[in-house]
Amino acid sequence: MHEQLTEIRWHARAGQGAVTAAKLVAETAMELDHYIQAMPEYGPERMGAPIQAFTRISASPIEIHNNIEFPDVVVVLDETLLPIVDVQRGLADDGVLIINTCTPPDTVRKALHIASARVACVDATGISQDTLKRDMPNTPMLGALAKVTGIFTLEQIIAHLRKTFGKKFSQEVIDANVAAVTRAYEEVQCS
Amino acid sequence: MPTQKTVAQTGNVLVAEAMRQCAPDMMAAYPITPQTTIVEEFAKFVANGRVHTQYVTVESEHSCMSACIGASAAGARVMTATSSQGLALMWEELHIASGMRLPIVMANANRALSAPINIHCDHSDIMGARDAGWVILFAETAQEAYDNTIMSVRIAEHPDVLLPVMTTLDGFITTHSIDRAEMMDDETVTSFVGDYVPKNALLDTDHPVSHGNFAGLGGPYFEFKRSQRLAMDRAHGVVNAIGAEWSGITGRPFGMIETFGMEDAEVAIVVIGSTAGNARHVARGLRAKGVKAGIVKVRCFRPFPAAELADALKGVKAVAVMDRSESFGAEGGPLFLEVRSALYDLADRVPLVDYIYGLGGSDVKTELIERVFTDLSDIASGATAPAGLTYLGTR
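First to last, the sequence lines map onto chains L and G. Take any residue in the first sequence, note its place counting from 1, add 17, and you have its number in my numbering. Take any residue in the second sequence, note its place counting from 1, add 3, and you have its number in my numbering.
As structure tokens, then:
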């Protein structure tokens, strides 16, 4: 990874919460006094269509505003995108690909012909259905991201979720999200 | 004591916050696409009692600017926001607002014009309004959009100016991206902008005036236009003075142009809006490799800081202007025409080329800006400049 700038590209289907996740990551990083950007690639709103979102985190002010072409981290919220979207495009050799899937990382690595980047897999959908009682894979992926990249700790992302969700959601929903993040943090497999 | 807080917000939210802090008496808005979330956020402030503004929803952008003109002529501090086709539909009213010398402040999310249909960033909408008699500010970041909006109120209402001001930010890139910014406390902004004391309010019945009268056929139309020209010329000093004053409070620099590396630049890019950041990022990298690259960002387009530009660019071996809009049939895009005109009186000619880029939100990849600098280095070392303008990165 760059010393200064970490670039995260999110692949998802519209409605899975990638834009919210991109924003939550940026906000958490800003609380650690980083400079941040979070943005979706805007287009017509079509539920279920493939979308991208971007997060930039840096120790110094961020001057570039273009889409992320050479990510350090790629997060895929929906494995059905793998055959139709080139999620590895531009991924740094020492980068990491984090995928919501039940498939083990070695199998994904072979299937996608990934040479040197790390591959991390977590069943975010399953975790979401257990904890949130619906398929909303974005928050579990924050736990996986914390574990795999170390851009913030599990405690830091949980503290931020409690703070932002506290304004909008019931204690039950907040606890379920915290459980989802924690489980993904514990269960993510990396190769 | 001014206090600032660090926020992670979109450009639109920051502009809406700036408007709330400036507390307009009236805001008109056409709340359907291509509107921005600026007026949506502002409507929430009104509904929640955080600002006491008469919020008027209207049936079109044309009506929106008409309502703003009426309220401003009556004596109110007036603001609104628009974008793209919305700004285009306001066209005739834009000229009425400036001709009546009404200090309306309007935010514009810079976006493409149809056809074909496109909702993304370029400068086609705002450059189409460049001769409408409004002061026009451009922002590189959400932070600048916030600062420019607050300054706009003082510039518009300044007795030497009394012209409407457009505070613009790049559609989606700046309007919808979450960025880190510093927001000033309410009291500091309130005291910076002060109370609005209208000069020729229709509702000041003790001093009756009329606005926008017939002035043709021997009437003073011609003289009115000259007074607008003089007001815009005076705006030059006012923009600088207000910018310096706000800068003194915030600690953030302001210039009608802002430069990077121009002390010794041999090759330079002139650019407006968010792409200035991308260009500076590339220039920074090139300088680390020994290329004397520089950037001139134009933050105020009307009045155009021609003397400042000529001063920054004199002696540079090759200059590229990057235009995010077209002026079909002209020698180049709108910025190119201004820059070439600004350089005409220099004793030594500065080689100047124009690149049209990023139309309809076409992504401004780092590699494209590197290509521009490579071209410039070639020209600086004697290669012939490409004839005409170059479309950068078209398929």
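In this text, a Cβ means the ideal position worked out from N, Cα and C, and glycines have one as well. Since the structure is predicted, the reported quantities are computational estimates derived from the model, not experimental observations.
Contacts around residue i, its chain only, beta-carbon distance under 7 Å, and the 5 residues preceding and following it disregarded
i: residue 363/G; result: 115, 121, 123 and 125
i: residue 243/G; result: 259
i: residue 9/G; result: 183 and 185
i: residue 152/L; result: 142, 145 and 146
i: residue 106/L; result: none
i: residue 199/G; result: 80 and 160
i: residue 154/G; result: 245, 246 and 249
i: residue 68/G; result: 93, 96, 97 and 100
i: residue 340/G; result: 330, 333 and 334
Same chain only: Cβ atoms within 8 Å of residue i, ignoring 5 sequence neighbours per side
i: residue 19/L; result: Note that residue 19/L scores a pLDDT of 41, beneath 50, so its modelled location is shaky; the value from the coordinates is reported in the next line. Excluding residues within five positions, the ones whose Cβ falls inside 8 Å are 89.
i: residue 173/L; result: 45, 48, 49 and 163
i: residue 94/L; result: 27, 28, 29, 30, 33, 34, 35, 38, 117, 141, 154, 155 and 158
Cβ-based neighbour list, residue i, same chain, cut-off 6 Å, excluding 5 preceding and 5 following
i: residue 14/G; result: 145, 148, 172, 177 and 178
i: residue 109/L; result: 89
i: residue 152/G; result: 18, 21 and 170
i: residue 85/L; result: 24, 26 and 71
Below-9 Å beta-carbon distance, residue i vs any chain G residue
i: residue 82/L; result: yes
i: residue 161/L; result: no
i: residue 158/L; result: no
i: residue 53/L; result: yes
i: residue 59/L; result: yes
i: residue 168/L; result: no
i: residue 24/L; result: no
i: residue 40/L; result: yes
i: residue 68/L; result: no
i: residue 88/L; result: no
i: residue 19/L; result: The pLDDT assigned to residue 19/L is 41, lower than 50, so where the model puts this residue is not dependable; a value taken from the coordinates is nonetheless given after this. No, because no Cβ of chain G sits closer than 9 Å to the Cβ of residue 19/L.
i: residue 131/L; result: no
i: residue 78/L; result: yes
i: residue 134/L; result: no
i: residue 189/L; result: no
i: residue 43/L; result: yes
i: residue 234/L; result: Nothing can be reported for residue 234/L, as the shown portion of chain L is limited to 18 through 208.
i: residue 64/L; result: no
i: residue 153/L; result: no
Residue-level contact to chain L via CB, residue i, 9 Å cutoff
i: residue 283/G; result: yes
i: residue 287/G; result: yes
i: residue 175/G; result: yes
i: residue 258/G; result: no
i: residue 353/G; result: no
i: residue 367/G; result: yes
i: residue 255/G; result: no
i: residue 267/G; result: no
i: residue 87/G; result: no
i: residue 11/G; result: yes
Assigned secondary structure, residue i (DSSP; H/G/I helix, E/B strand, else coil)
i: residue 24/L; result: strand
i: residue 101/G; result: helix
i: residue 2/G; result: Limits of chain G in this structure are 4 at one end and 398 at the other, which puts residue 2/G out of reach.
i: residue 45/G; result: helix
i: residue 19/L; result: Any reading at residue 19/L is ruled out, since the residue's pLDDT is 41, under 50, leaving its predicted position unreliable.
i: residue 207/L; result: strand
i: residue 170/L; result: coil
i: residue 105/L; result: coil
i: residue 153/L; result: coil
i: residue 88/L; result: coil
i: residue 211/G; result: coil
i: residue 33/L; result: coil
i: residue 71/L; result: strand
i: residue 86/G; result: strand
i: residue 114/L; result: strand
i: residue 107/G; result: coil
i: residue 245/G; result: helix
i: residue 131/L; result: coil
i: residue 165/L; result: helix
i: residue 64/L; result: coil
i: residue 4/G; result: coil
Whole-Å CB distance - residue i paired with residue j, under 8 Å assumed
i: residue 366/G; j: residue 336/G; result: Incorrect: roughly 18 Å between the Cβ atoms, too far for contact.
i: residue 26/G; j: residue 60/G; result: About 19 Å; that fails the 8 Å criterion.
i: residue 102/L; j: residue 114/L; result: Actually they do not touch by this definition, with Cβ atoms about 12 Å apart.
i: residue 63/G; j: residue 128/G; result: No, residue 63/G and residue 128/G are not in contact; Cβ-Cβ is about 16 Å, not under 8 Å.
i: residue 338/G; j: residue 273/G; result: 7 Å
What alpha helix (DSSP H) runs, 4 residues minimum, are completely inside the segment 109 to 178 of chain G?
-> The segment 109 to 178 of chain G contains these whole alpha helix (DSSP H) runs: 127 to 131 and 145 to 160.
What alpha helix (DSSP H) runs, 4 residues minimum, are completely inside the segment 341 to 392 of chain G?
-> Here the runs fully enclosed are 369 to 383.
Could I get the ranges of all uninterrupted beta strand (DSSP E) runs contained in the segment 262 to 317 of chain G, with 3 residues as the minimum, in chain order?
-> The segment 262 to 317 of chain G contains these whole beta strand (DSSP E) runs: 270 to 274, 296 to 301 and 303 to 305.
Could you give the uninterrupted runs of the beta strand (DSSP E) lying entirely in the segment 26 to 80 of chain G, keeping only those of 3 residues or more?
-> Fully enclosed beta strand (DSSP E) runs of 3 or longer: 29 to 32 and 57 to 60.
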